[in-house]
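Participant:
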Amino acid sequence: MVMAAGVLAFAAGLAPVAVRADSFPSLTRAVEGLAPLPSRRALDRIPNMGRKLLALRSYLRSASRIADIWSWDETQIATFDGTPQRAALMAEIGAIGAHFAAANPGYGLYVNPHIRSLDDQIAAWNGNTTVGRAANQLYENFLVVFSKDGTFPQTIDADAFSGWLRRFMPRTPAPLAAPGLSAHGRASAIDFQIAQDGRVIAPADTSKIEDVWKKDGWDEKLKVSIEAAGPSFAGPLASPYEPWHYDYRPATGMPDLKPADPGPAVAE
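With positions in the sequence shown counted from 1, the corresponding number in this note's numbering is that position plus 1.
Next up, the structure:
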């Protein structure tokens, strides 16, 4: 397939958001050949090729441990809800909240107890605008590196493709973990937000870090309460910096549940 005009459009940043993952068989075959289990069926549910490649990049970089960190599905989450580990998590969150409220009269903590299932993560990845920008940058670079004389490559060297994907750094970092890799998907991370009179005033929003979290000192106040009452929590997340995000690492460990099955592929 001759793609001279298409390559020019992609390089201008006009088209990658509309490129379906099944548009170019050679690239689809390369992706399928590289995807580590259990990521393959998750990739099937990302219809845009740029977003698919961006997710595959993360899967390749995490390949040695991907099975151990893969997110739960709704059934696994429901199973976790009835475990002693879930009760211990909620008790520690409650202790942190009580300490924070006592130290900051009139304010409290809001925590969404819902674990981010793989389905939720895939939907967010497919719809997030900033992920789309990073995906466009990756796809544009792919065309520059792998296209030949203005045509789309009919074959792709797997080793060269894998190495390029692992090394590529988008100018715009994706604000989300690739579907299946979020620590929130296994109850291994919690977002603590600041509330007043039933309203969240310091949300889990990167645009509020400087003007709200740092300016009003909520980052340090939250950290004090977590260090005092949350021995199983570590953080906050350093890269990208999220003052509300704390990893949960209980000494007793978490239940061992089977990797999630993301279900069948979906059409765009």
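Where a beta carbon is used, it is the ideal one built from N, C-alpha and C, also for glycine.
Does Glu141 pass the burial test, meaning 16 or more other C-beta atoms within 10 Å, or should it be called exposed?
Facilitator: Residue mapping note: residue 141 aligns to position 140 of the sequence shown, counting from 1. By the 10 Å Cβ count, Glu141 comes out buried.
Participant: Sort out for me which residues DSSP pairs Arg200 with in a bridge.
Facilitator: In the sequence shown, the residue the question calls residue 200 occupies position 199. In DSSP, Arg200 forms a bridge with Gln197.
Participant: In the structure shown, what three-state DSSP assignment does Asp150 receive?
Facilitator: One-based indexing of the sequence shown puts residue 150 at position 149. In the structure shown, Asp150 sits in coil (DSSP, three-state: anything other than H, G, I, E or B).
Participant: Could you give the distance in angstroms between the alpha-carbon of Ala161 and the alpha-carbon of Asn127?
Facilitator: What you label residue 161 is simply residue 160 of the sequence shown in a count that begins at 1. What you label residue 127 is simply residue 126 of the sequence shown in a count that begins at 1. Distance between the alpha carbons of Ala161 and Asn127 is about 26 Å.
Participant: Against chain B, with Cβ distances strictly below 8 Å, would Trp214 count as a contact?
Facilitator: Looking for chain B here will not work: only one protein chain is present.
Participant: Do Asp74 and Asp45 have their CB atoms nearer than 8 Å?
Facilitator: For the purposes of this step, residue 74 is taken as residue 73 along the sequence shown, with counting starting at 1. For the purposes of this step, residue 45 is taken as residue 44 along the sequence shown, with counting starting at 1. Against a cut-off of 8 Å, the Cβ pair of Asp45 and Asp74 comes out as no contact.
Participant: Helix, strand or coil for Asn129, going by three-state DSSP, please let me know.
Facilitator: The residue labelled residue 129 in the question sits at position 128 within the sequence shown. Three-state result, Asn129: coil.
Participant: I think Ile97 touches Gly186, with their Cβ atoms under 8 Å apart; what is that distance to the nearest whole Å?
Facilitator: Here residue 97 refers to the residue found at position 96 of the sequence shown. Here residue 186 refers to the residue found at position 185 of the sequence shown. Actually they are not in contact, since the Cβ atoms of Ile97 and Gly186 sit about 21 Å apart, beyond 8 Å.
Participant: Going straight from the alpha carbon of Pro237 to that of Ser183, what length do you get?
Facilitator: Position 236 of the sequence shown holds residue 237. Position 182 of the sequence shown holds residue 183. One C-alpha to the other measures close to 15 Å.
Participant: Starting from Ala190, trace the beta strand (DSSP E) in both directions and tell me its first and last residue.
Facilitator: As a working mapping, residue 190 is identified with position 189 in the sequence shown. Here the beta strand (DSSP E) through Ala190 covers 190-192.
Participant: Which value, in whole angstroms, describes the spacing of the CA atoms of Ile202 and His246?
Facilitator: Taking the sequence shown and counting its residues from 1, the one referred to as residue 202 is at position 201. Taking the sequence shown and counting its residues from 1, the one referred to as residue 246 is at position 245. Distance between the alpha carbons of Ile202 and His246: 16 Å.
Participant: Between the C-alpha atoms of Arg66 and Pro39, what's the straight-line distance to the nearest angstrom?
Facilitator: What you label residue 66 is simply residue 65 of the sequence shown in a count that begins at 1. What you label residue 39 is simply residue 38 of the sequence shown in a count that begins at 1. The straight-line gap from Cα to Cα measures roughly 11 Å.
Participant: Using the C-alpha atoms, what's the distance from Leu90 back to Val132?
Facilitator: What you label residue 132 is simply residue 131 of the sequence shown in a count that begins at 1. What you label residue 90 is simply residue 89 of the sequence shown in a count that begins at 1. If I take the Cα positions, the gap works out to 31 Å.
Participant: Here's a check: name, in chain order, each residue in its chain whose Cβ is nearer than 8 Å to the Cβ of Ala99, leaving out the five neighbours to either side.
Facilitator: Residue numbering aside, residue 99 sits at position 98 when the sequence shown is read from its first letter. Excluding positions up to five away in sequence, the list reads Ala230.
Participant: Alpha helix (DSSP H) containing Leu110: first to last residue?
Facilitator: Residue 110 sits at position 109 when you count from the first residue of the sequence shown. It is not in any alpha helix (DSSP H) - Leu110 instead sits in the beta strand (DSSP E) that spans 109-111.
Participant: Please go through the same chain and pick out, in chain order, the residues whose beta-carbon is closer than 8 Å to the beta-carbon of Asp248, but skip the five residues on each side of it.
Facilitator: Indexing the sequence shown from 1 puts residue 248 at position 247. Excluding residues within five positions, the ones whose Cβ falls inside 8 Å are Ala184, Ser189, Ala190, Phe234, Ala235, Gly236, Leu238.
Participant: Below 8 Å on the Cβ atoms is my guess for Leu55 versus Ile157; work out the distance and round it to an integer in Å.
Facilitator: Residue mapping note: residue 55 aligns to position 54 of the sequence shown, counting from 1. Residue mapping note: residue 157 aligns to position 156 of the sequence shown, counting from 1. No, Leu55 and Ile157 are not in contact; Cβ-Cβ is about 17 Å, not under 8 Å.
Participant: Which same chain residues end up closer than 6 Å to Gly254 when comparing Cβ atoms and leaving out the 5 residues on each side of it in sequence?
Facilitator: Here residue 254 refers to the residue found at position 253 of the sequence shown. Closer than 6 Å at Cβ, skipping near neighbours: no residue.
Participant: Among the residues of its own chain, which have a CB less than 7 Å from the CB of Asn105, if the five just before and after it don't count?
Facilitator: Along the sequence shown, read from residue 1 onward, the residue named residue 105 stands at position 104. Correct list, in chain order: Lys222.
Participant: Rounded to a whole number of angstroms, what is the C-alpha to C-alpha distance between Gly7 and Phe101?
Facilitator: On the sequence shown, position 6 is the one that residue 7 refers to. On the sequence shown, position 100 is the one that residue 101 refers to. At Gly7 the pLDDT is 37, less than 50, meaning the model places this residue with poor confidence; the figure from the coordinates comes in the next sentence. So the alpha carbons of these two residues sit roughly 56 Å apart.
Participant: How far does the beta strand (DSSP E) with Asp248 in it extend, from its first residue to its last?
Facilitator: The sequence position of residue 248 within the sequence shown is 247, counting from 1. Element bounds for Asp248: 246-249.
Participant: In this structure, how does DSSP classify Leu166 when only helix, strand and coil are distinguished?
Facilitator: Locating residue 166 in the sequence shown gives position 165, where the first residue counts as 1. Three-state result, Leu166: helix.
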